[in-house]
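Peer 1: I'd like to ask some things about the structure below.
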Amino acid sequence: MQSLNSIWQMAVDKLDGQISGTAMNLWIRTITPIRYEDNCFVLAVHSPFHKDIIMSKYRGILKDTLSEMVGFDVDISVLSSEDKQEIPKSKASNIQTHVEDNMNNMVEQKPSEYTFDNFIVGESNKHAHAACLSVARSPARSYNPLFIYGNTGLGKTHLLKAISTEVHKNFPSYKVLYIKGEEFTNDLIDHLQNKNMTEFKNKYRTVDVLLVDDIQFIAGKDSTQDEFFHTFNALYEDNKQIILASDRPPKDIPLLESRLRSRFESGIITDIYMPEYELKVAIIKMKAQTYGITLPNDVIDFVAMKIKNNIRQLEGVITKIMAFQLVSNMPPSIAIAQSAIRDIVNENEPLPVIIDKIIVEVSREFDVPADEIKGNKRIESVAFARQIAMYIMRDITDMSLPEIGQEFNGKDHSTVHHSIKKIEQKLATNPVFKDRVQQIIKNVKEH
18 MQSLNSIWQM AVDKLDGQIS GTAMNLWIRT ITPIRYEDNC FVLAVHSPFH
68 KDIIMSKYRG ILKDTLSEMV GFDVDISVLS SEDKQEIPKS KASNIQTHVE
118 DNMNNMVEQK PSEYTFDNFI VGESNKHAHA ACLSVARSPA RSYNPLFIYG
168 NTGLGKTHLL KAISTEVHKN FPSYKVLYIK GEEFTNDLID HLQNKNMTEF
218 KNKYRTVDVL LVDDIQFIAG KDSTQDEFFH TFNALYEDNK QIILASDRPP
268 KDIPLLESRL RSRFESGIIT DIYMPEYELK VAIIKMKAQT YGITLPNDVI
318 DFVAMKIKNN IRQLEGVITK IMAFQLVSNM PPSIAIAQSA IRDIVNENEP
368 LPVIIDKIIV EVSREFDVPA DEIKGNKRIE SVAFARQIAM YIMRDITDMS
418 LPEIGQEFNG KDHSTVHHSI KKIEQKLATN PVFKDRVQQI IKNVKEH
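Its first residue numbered 18, the sequence shown is counted upward by one per residue in the numbering used here.
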């Protein structure tokens with residue numbers, strides 16, 4: 018049952034941000050997973066009305082998300098309090114309490130899974146970990162600003178959110194704000210359009226600790242850089258803590274204004290590099306223990322050797338293995354681990370190779386020249402193929418919207434977002450199209 022609950026919780030976490038906060042609290046978080054049988058997740062809700070809402074509005078996205086968790090297509094079945102004969106008594110008696118507890122706690126912040134306690138330290142990240150822990154225990158007294166850099170999926174976000182958790186615990190009165198670079202840009206645009214910059218400045222310049230992930234995405238945006246420069250100065254002069262994370266050091270961020278670069282370099286800069294074998298083994302064991310599964314040593318060794326440079330994908334493989342064990346009742350094996358790794362994407366290949374594969378496969382499937390997909394032609398067939406390529410890049414890589422846009426002659430993130438949403442809508446209503454896209458994804462992963 019622990020595995021079922023773990024898969025469900027991961028699905029809920031993934032949906033957070035795709036569904037509005039109110040809807041998540043009202044309809045999704047109040048669902049209780051009952052069992053898995055015949056490729057179907059059986060879920061329970063409090064009332065027939067709740068059941069109708071789930072089946073009419075959220076069935077598709079729940080199916081897709083759970084299918085992604087386990088690595089193959091699954092269905093869902095929803096039972097309400099009136100379906101008593103189908104709900105185990107032990108569960109039926111708890112559904113009312115479960116729903117009421119969730120309703121009462123809607124406004125409470127979900128406990129963070131990112132803490133220093135569950136961050137495993139190794140040679141590749143020990144300096145970054147030590148700096149972050151020092152900042153969390155004494156904000157603005159030691160390293161200010163603190164700048165962390167490293168490739169995608171190595172733990173920068175975990176450390177930033179661990180700082181946030183630790184500061185909340187040690188300094189309950191402190192205002193702490195975590196945000197991504199592109200969110201800062203979007204927030205600025207919204208406030209400029211609404212002519213409410215006073216609110217924007219109050220939001221960012223009155224905090225005690227500001228954490229900005231993916232700060233590199235403000236580069237090249239004049240208004241954003243100007244506003245962040247003044248925000249940085251206001252906080253620094255007021256002796257407030259600033260923590261920034263990026264995929265590269267300040268000197269290597271293209272289009273970053275020199276005045277910002279000098280500010281970023283004025284404090285401590287520390288990096289996280291590719292994890293060593295021993296660290297990967299420790300992470301695999303911790304995740305397996307968290308999910309309640311036992312992995313043989315040969316499986317642990319195989320996964321640690323195959324996933325070279327991305328802890329996030331390492332965790333994804335363990336999730337797939339856990340899901341397979343749940344639905345098949347078979348113990349973990351190297352064959353199962355191989356299948357899980359194939360589902361995640363072969364990280365042995367550089368990202369540019371994966372991107373090229375996506376373009377080539379989309380070009381072949383939809384009969385559009387590869388160079389036109391990456392170009393600016395607005396012919397309907399070309400634009401459609403381009404949107405598909407954007408969707409697949411977002412689906413199987415860790416690329417952000419701005420990074421994807423850069424692969425298509427610098428398309429902005431809103432254009433990429435619109436393209437992905439358009440493809441998602443077509444996937445939800447056209448099974449034939451969905452099969453074609455899934456075949457492309459399979460070809461990219463296997464060849």
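Beta carbons: idealized from backbone N, C-alpha and C, even for Gly.
Just so it is clear, the structure is predicted and the values come from calculations on it, not from any experiment.
Roughly how many whole angstroms lie between the Cα atoms of Lys31 and Phe249?
Peer 2: Here residue 31 corresponds to residue number 14 of the sequence shown, with the count starting at 1. Here residue 249 corresponds to residue number 232 of the sequence shown, with the count starting at 1. Cα to Cα, the separation comes out at about 31 Å.
Peer 1: Whole angstroms are fine: how far does the CA of Ala400 sit from the CA of Lys297?
Peer 2: Taking the first residue of the sequence shown as position 1, residue 297 is located at position 280. Taking the first residue of the sequence shown as position 1, residue 400 is located at position 383. Going by the C-alpha atoms only, they are around 41 Å apart.
Peer 1: What does a CB cutoff of less than 7 Å around Ile259 pick up in its chain, not counting 5 residues either side in sequence?
Peer 2: What you label residue 259 is simply residue 242 of the sequence shown in a count that begins at 1. Excluding sequence neighbours, Ile259 sits near Asn161, Pro162, Leu227, Phe249, Leu252 and Tyr253.
Peer 1: Quick one: is Glu420 buried, meaning 16 or more other Cβ sit within 10 Å of its Cβ, or exposed?
Peer 2: Within the sequence shown, residue 420 is the residue found at index 403, counting from 1. Buried, by the Cβ-count rule.
Peer 1: Name the DSSP bridge partner or partners of Leu228?
Peer 2: As a working note, residue 228 is residue 211 in the sequence shown. Tyr195 and Ile260.
Peer 1: Starting from the C-beta of Lys323, find all residues in its chain whose C-beta is less than 6 Å away, skip the five residues before and the five after it, and write them out in chain order.
Peer 2: Translated into positions along the sequence shown, residue 323 becomes position 306. So the qualifying residues of the chain are Ile358.
Peer 1: Starting from the Cα of Gln456, find the closest Cα among Asp429, Lys438, Ile405 and Ile51 and give me that residue.
Peer 2: Taking the first residue of the sequence shown as 1, we reach residue 456 at position 439. It is Ile405.
Peer 1: What residue range does the alpha helix (DSSP H) around Asp81 cover?
Peer 2: Start at 1 with the first residue of the sequence shown, and residue 81 comes out as number 64. Run containing Asp81: Arg76 to Val87, per the alpha helix (DSSP H) assignment.
Peer 1: Considering only residues of the same chain and omitting the five flanking positions on each side of Asp33, which have a CB-CB separation below 7 Å?
Peer 2: In the sequence shown, residue 33 corresponds to position 16, counting from 1. Excluding sequence neighbours, Asp33 sits near Met41.
Peer 1: So, is Lys212 buried or exposed, given that buried needs 16 or more other C-beta atoms within 10 angstroms?
Peer 2: Locating residue 212 in the sequence shown gives position 195, where the first residue counts as 1. So Lys212 ends up on the exposed side.
Peer 1: Taking the CB atoms as reference points, tell me whether Thr241 and Thr202 lie closer together than 8 Å.
Peer 2: On the sequence shown, residue 241 is found 224 positions in, with the first residue counted as 1. On the sequence shown, residue 202 is found 185 positions in, with the first residue counted as 1. Cβ atoms of Thr241 and Thr202: closer than 8 Å.
Peer 1: Where does Gln342 land, buried or exposed, given buried means 16+ other C-beta within 10 angstroms?
Peer 2: One-based indexing of the sequence shown puts residue 342 at position 325. Result: buried.
Peer 1: Less than 8 Å between the beta carbons of Asp230 and Gly198, yes or no?
Peer 2: To locate residue 230, count along the sequence shown from 1; it is residue 213. To locate residue 198, count along the sequence shown from 1; it is residue 181. Yes, these two residues count as a Cβ contact at 8 Å.
Peer 1: Can you say whether His146 is buried or exposed, counting buried as having 16 or more other CB atoms within 10 angstroms of its CB?
Peer 2: Start at 1 with the first residue of the sequence shown, and residue 146 comes out as number 129. It counts as buried.
Peer 1: With a cut-off of 8 Å, do at least 3 Cβ pairs link the stretch 389-400 to the stretch 333-353?
Peer 2: Taking 8 Å as the limit for Cβ pairs, the verdict is that the stretch 333-353 does not touch the stretch 389-400.
Peer 1: Whole angstroms is fine: what's the gap from Glu378's alpha carbon to Lys80's?
Peer 2: Numbered from its first residue, the sequence shown carries residue 378 at position 361. Numbered from its first residue, the sequence shown carries residue 80 at position 63. Spanning the two alpha carbons is a distance of roughly 26 Å.
Peer 1: Suppose the cutoff is 6 Å on Cβ atoms and the five residues either side in sequence are ignored; what does the same chain contact list for Pro105 look like?
Peer 2: Against the sequence shown, residue 105 aligns to sequence position 88. In this prediction, Pro105 scores a pLDDT of 49, lower than 50, which makes its location untrustworthy; the coordinate-derived value is nonetheless stated afterwards. Once the five neighbours on either side are set aside, Pro105 has no close Cβ partner at all.
Peer 1: For the alpha helix (DSSP H) that contains Leu277, what are its first and last residues?
Peer 2: Looking up residue 277 in the sequence shown gives position 260. Segment Ser275 to Phe281, the alpha helix (DSSP H) holding Leu277.
Peer 1: Should Ile93 and Phe58 be called a contact, given that it needs their Cβ atoms to be closer than 8 Å?
Peer 2: By one-based count along the sequence shown, residue 93 stands at place 76. By one-based count along the sequence shown, residue 58 stands at place 41. Cβ distance < 8 Å, so Ile93 and Phe58 count as in contact.
Peer 1: Ends of the alpha helix (DSSP H) at Tyr478?
Peer 2: Lying outside 18 to 464, the shown extent of the chain, residue 478 is not represented and no answer is given.
Peer 1: So what's Arg395 in DSSP terms, helix, strand or just coil?
Peer 2: Indexing the sequence shown from 1 puts residue 395 at position 378. The answer is coil: DSSP assigns Arg395 none of H, G, I, E or B.
Peer 1: Would you please state the rounded distance, in angstroms, between the beta carbons of Ile24 and Met86? I believe it to be under 8 Å.
Peer 2: As a first step, residue 24 must be located in the sequence shown, where it is residue number 7. As a first step, residue 86 must be located in the sequence shown, where it is residue number 69. The pair is a contact, with the Cβ atoms about 5 Å apart (cut-off 8 Å).
Peer 1: Keeping to the same chain, check which residues put their C-beta closer than 7 Å to that of Glu282; ignore five residues upstream and five downstream.
Peer 2: Here residue 282 refers to the residue found at position 265 of the sequence shown. Here the set comprises Pro267.
Peer 1: Please report the residue range of the alpha helix (DSSP H) in which Leu43 lies.
Peer 2: For the purposes of this step, residue 43 is taken as the residue at position 26 of the sequence shown. Segment: none, Leu43 is in no alpha helix (DSSP H) and carries neither H nor E.
Peer 1: Output the boundary residues of the alpha helix (DSSP H) element that contains Leu252.
Peer 2: Position 235 of the sequence shown, counted from the first residue, corresponds to residue 252. Counting along the chain, the alpha helix (DSSP H) containing Leu252 begins and ends at Asp239 to Glu254.
Peer 1: What separation, rounded to the nearest whole angstrom, lies between the Cα atoms of Gln113 and His63?
Peer 2: For the purposes of this step, residue 113 is taken as residue 96 along the sequence shown, with counting starting at 1. For the purposes of this step, residue 63 is taken as residue 46 along the sequence shown, with counting starting at 1. In this prediction, Gln113 has a pLDDT of 42, which is less than 50 and means its spatial position is unreliable; what the coordinates show is noted afterwards. Whole-angstrom Cα-Cα distance: 6 Å.
Peer 1: Answer with buried or exposed for Thr336, where buried requires no fewer than 16 other C-beta atoms within 10 angstroms of its C-beta.
Peer 2: Indexing the sequence shown from 1 puts residue 336 at position 319. Classification of Thr336: buried, given that the 10 Å Cβ count is 16 or more.
Peer 1: Over what stretch of residues does the beta strand (DSSP E) that includes Leu96 continue unbroken?
Peer 2: In the sequence shown, counting from the first residue as 1, residue 96 sits at position 79. It spans Asp92 to Leu96 - the beta strand (DSSP E) in which Leu96 sits, taken as one unbroken run.
Peer 1: Pick helix, strand or coil for Tyr53, following the three-state DSSP scheme.
Peer 2: For the purposes of this step, residue 53 is taken as residue 36 along the sequence shown, with counting starting at 1. Tyr53 falls in the strand class under three-state DSSP.
Peer 1: Using C-beta distances below 8 Å, list every residue in its chain close to Asn22, excluding the 5 sequence neighbours before and after it, in chain order.
Peer 2: As a first step, residue 22 must be located in the sequence shown, where it is residue number 5. Excluding positions up to five away in sequence, the list reads Pro50.
Peer 1: Label Thr174 either buried or exposed according to how many other C-beta atoms from any shown protein chain fall within 10 Å of its C-beta, with 16 as the threshold for buried.
Peer 2: Counted from its first residue, the sequence shown places residue 174 at position 157. Buried.
Peer 1: Using 10 angstroms around the beta-carbon of Asn256, count the other beta-carbons present and answer buried if the total reaches 16, otherwise exposed.
Peer 2: Here residue 256 is taken as the residue at index 239 of the sequence shown, counted from 1. Looking at its Cβ environment, which holds fewer than 16 other Cβ atoms inside 10 Å, Asn256 is exposed.
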